[in-house]
Amino acid sequence: MADYLVIVESPAKAKTIERYLGKKYKVKASMGHLRDLPKSQMGVDVKNNYEPRYITIRGKGPILKDLKTAAKKVKKVYLAADPDREGEAIAWHLAHSLDIDVESECRVVFNEITKDAVKDSFKQPRTINMDLVDAQQARRILDRLVGYNISPLLWQKVKKGLSAGRVQSVAVKMVIDRENEINNFKPEEYWSIEGIFQQDKHQFEGNFYGINGKKQKLSNKKEVEEVTKTLKGKKFTIDKVNKRERKRNPSPSFTTSSLQQEAARKLNFRARKTMMVAQQLYEGIDLGKKDGGITGLITYMRTDSTRISETAKKSAQEYIIEKFGKEYVGNTKQAKNKEGSQDAHEAIRPTTSGRDPLSLKPVLSRDQYRLYKLIWDRFIASQMSSAVMDTMTVHLLNNGVEFRATGSKVKFKGFMKVYVEGTDENKNEEEKWLPDLKEGSTVDATEITPNQHFTQPPPRYTEARLVRTMEEKGIGRPSTYAPTLDTIQRRGYCTLDNRRFVPTELGEIVIKLIEEFFPEIIDVAFTVKMEKDLDSIEDGEKEWEKILDEFYQGFDKRLEKAEKEMEKIEIKDEPAGIDCEKCGHEMVYKMGRYGKFLACSNFPDCRNTKAIVKEIGVPCPECKTGEVVERKSKKRRIFYGCSNYPECEFISWNKPVARKCPKCSKMLVEKKQKKSVQIECSSCSYKEEAQS
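Sequence positions in the sequence shown follow the working numbering and run 415 to 1106.
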């Protein structure tokens, strides 16, 4: 029989840790929180110093009973929930439920689930950190006060099922503000002049810079014509050639935010998926008996720190020297954390540098492999030397008119041998080197081409861009980004169009009401201040009850006013222009959990509903009578099916093409590659490049 009971959050983690600790330890999972505020009521006594009322979560009774039974059979119970505020709160709730003294050394934490890290943590157990618990409790109660007071109002005045979370409302407001910026944007005209120059057999490009050494903007065609009239002939003199070296430094290891952003850019992962796969890598993957069984592959994935332990640095440097050579080892200067980061844990990194992605490919799923490779590459690159670029700028003159040409090439790859950070625009730096031009020599302009441009509005937020902006503004914390983005879509406040957030009419109505009656809820400055107040509770500088009281005194007055003055809003259904095939009444567009759908206006007498489908002009290859239409799955992924469903069950994840394979006469489909679209046969090996 075991002497000690260890309680973690998940069964996967429990298996891994039990194997590391040996026979004297029994490890069980709480499956997350066992106690919480009741769902059916506020659960907070605002008149009694904001005292929360916790109950056992419905369905968790058998788990709690099992843990109580196991706790009675051992000498000591250790609480090993995740190393963050949420984990500390879970440990505190468990201590109360199992009658464990919170002042006893019952708490163990580890940043990575490896044998050494787990064993070391049990050598240094500590008491439960009540400052962390209070900070988490304050956040939970604050969100309850906001949500459980404003949401019922929205149900009465707008429609049932709405919610008004503190962080989610700010996120929706940001999406709406961006949409308003786009709608109100007035494009401005500007011009550029591109030149193609030649010396001997070498051609290169340059662009107009200015006249007589002064940079000049070109606002209209008339200004362009004045420049081109000033040019005399096609000969340009090389006035200056500037050559220099430029260093490019590696990006630091991932934080939660930067991991979500990069996984979106490079892997096309949604924030929620990134965190789900990262959780699997953290909790442990079965590598087989030969390689250690179930092993945690990455450190804790909820962090805002870029700090790396000295042990991990040394391990990475040894790997880099062995694989690439000493010249590829970077300096060990610690990357600076962003202002306001908590720095409670290290950055996200592999638990062992020597466990390269390729060696793990056979035991990882495709998604696990791709995310692990991203994390491993970024960490190893962060410990490598800077890349060295040779850059060259050439000044070309013709009668005082100056063009400039720039080029660069990699002199020493450094960290770029392993990894280069992506961008939101999917544009990475390309090498473009200029010929060996000498000052005083001449080149011929083979083409001078004026180009008209118009300024573009700011782009809509992608998930990656919204996460980055929230982080930059100090809205939310690492653990809140993914659930916030998920919630604003599930509630129907925003939809994704081409992977970019677009506010819905419902979202705009809700935010307008909140802005009118509860302006602080969607005020970025207020939200940032609240995050700092929660941090100060964690640091033991402020009392959580006082922070809540400061907020609630003003909020309660606005709540009274809203209950009296908020007008009822009727969201009218938009006519769809077609009649119901069951009863003949007009069909209308309605908003559901997964976006808009068609419903009969004669509801509840007629309950006919239909998904909104988009025909792509391709007949169904199976039943021949239906049309292939674009649909969306419950997870909002686009697929293609027959309009005669459920009679015809044809389905394709790739978009069918309106012609047959020239080899076998079967269906052709579009398959998206990284930089192109390919046409492939669904049956044989025929392939072709899609025409742009």
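Glycine included, C-beta positions come from ideal geometry on N, C-alpha and C.
Asked: DSSP-derived helix/strand/coil call for Asn-865; Found: strand
Asked: Per-residue DSSP class, three states only, for Glu-816; Found: strand
Asked: Length of the line joining the Cα atoms of Asn-842 and Ala-801; Found: A caution first: Asn-842 carries a pLDDT of 46, below 50, which makes its placement in the model too unreliable to give a value.
Asked: Whole-angstrom distance between Arg-874 and Glu-1029, CA atom to CA atom; Found: 26 Å
Asked: Where the alpha helix (DSSP H) containing Asn-563 begins and where it ends; Found: 544 to 571
Asked: Where Ile-431 sits in the DSSP three-state scheme; Found: helix
Asked: Where the alpha helix (DSSP H) containing Gln-967 begins and where it ends; Found: 958 to 979
Asked: Alpha carbon of Asn-598 to alpha carbon of Ser-1015, nearest angstrom; Found: 35 Å
Asked: Arg-662 versus Lys-727 - alpha carbon distance; Found: 20 Å
Asked: Which residues DSSP lists as bridging Lys-442, in chain order; Found: Ile-421
Asked: Runs of beta strand (DSSP E) lying entirely within the region 484 to 538, each at least 3 residues, in chain order; Found: 490 to 493
Asked: Buried/exposed call for Pro-497, threshold 16 Cβ in 10 Å; Found: buried
Asked: Beta carbon of Pro-1018 nearer than 7 Å to that of Glu-1000; Found: no
Asked: Three or more C-beta pairs below 8 Å linking the region 712 to 721 and the region 664 to 684; Found: yes
Asked: Proximal residues to Pro-871 (C-beta, below 7 Å), its chain only, five neighbours per side dropped; Found: Glu-595, Ile-596 and Phe-599
Asked: Integer Cβ distance of Val-460 from Leu-451, believed to fall under 8 Å; Found: The pair is not a contact, with the Cβ atoms about 13 Å apart (cut-off 8 Å).
Asked: Where the alpha helix (DSSP H) containing Gln-675 begins and where it ends; Found: 670 to 681
Asked: Limits of the beta strand (DSSP E) - the one that Asp-993 falls within; Found: 988 to 993
Asked: C-beta contact flag for Phe-915 and Val-589 at 7 Å; Found: yes
Asked: Pairwise C-alpha distance: Pro-466 and Leu-962; Found: 12 Å
Asked: Bridge partner(s) assigned by DSSP for Lys-804; Found: Sequence check: residue 804 is Asp here, not Lys. In DSSP, Asp-804 forms a bridge with Glu-659 and Lys-823.
Asked: Residue from Asp-548, Val-488, Cys-520 and Asn-525 with nearest C-alpha to Thr-541; Found: Cys-520
Asked: Local conformation of Ile-985 per DSSP, three classes; Found: coil
Asked: Sufficient close CB pairs (3 or more, under 8 Å) joining the region 849 to 867 to the region 602 to 619; Found: yes
Asked: Reduced DSSP category for Ala-896 - H, G, I as helix; E, B as strand; rest coil; Found: helix
Asked: Counted within 10 angstroms of its Cβ, other Cβ atoms place Ser-1097 as buried (16 or more) or exposed; Found: exposed
Asked: Local conformation of Lys-1010 per DSSP, three classes; Found: strand
Asked: Supposed contact pair Asp-548 and Arg-580 - C-beta distance, whole angstroms, cut 8 Å; Found: The pair is not a contact, with the Cβ atoms about 18 Å apart (cut-off 8 Å).
Asked: Glu-1084 beta carbon less than 7 Å from that of Lys-1111; Found: Within the shown structure, residues of the chain are numbered from 415 to 1106, placing residue 1111 beyond reach of any answer.
Asked: With 16 other Cβ atoms within 10 Å as the buried cut-off, status of Pro-917; Found: buried
Asked: The region 679 to 689 contacting the region 776 to 788, beta-carbon criterion three pairs below 8 Å; Found: yes
Asked: Leu-673 vs Leu-695 beta-carbon contact at 7 Å; Found: no
Asked: Span of the beta strand (DSSP E) around Arg-905; Found: Premise fails: Arg-905 is in no beta strand (DSSP E) and is neither H nor E.
Asked: Neighbourhood of Asp-987 by C-beta distance below 7 Å, restricted to the same chain and skipping five residues each side; Found: Val-1002, Tyr-1003, Lys-1004 and Ser-1015
Asked: Close-in-space but distant-in-sequence residues of the same chain around Lys-657 (CB under 6 Å, 5 per side omitted); Found: Met-806
Asked: Touch test, the region 917 to 928 against the region 567 to 587, Cβ-Cβ under 8 Å, three pairs minimum; Found: yes
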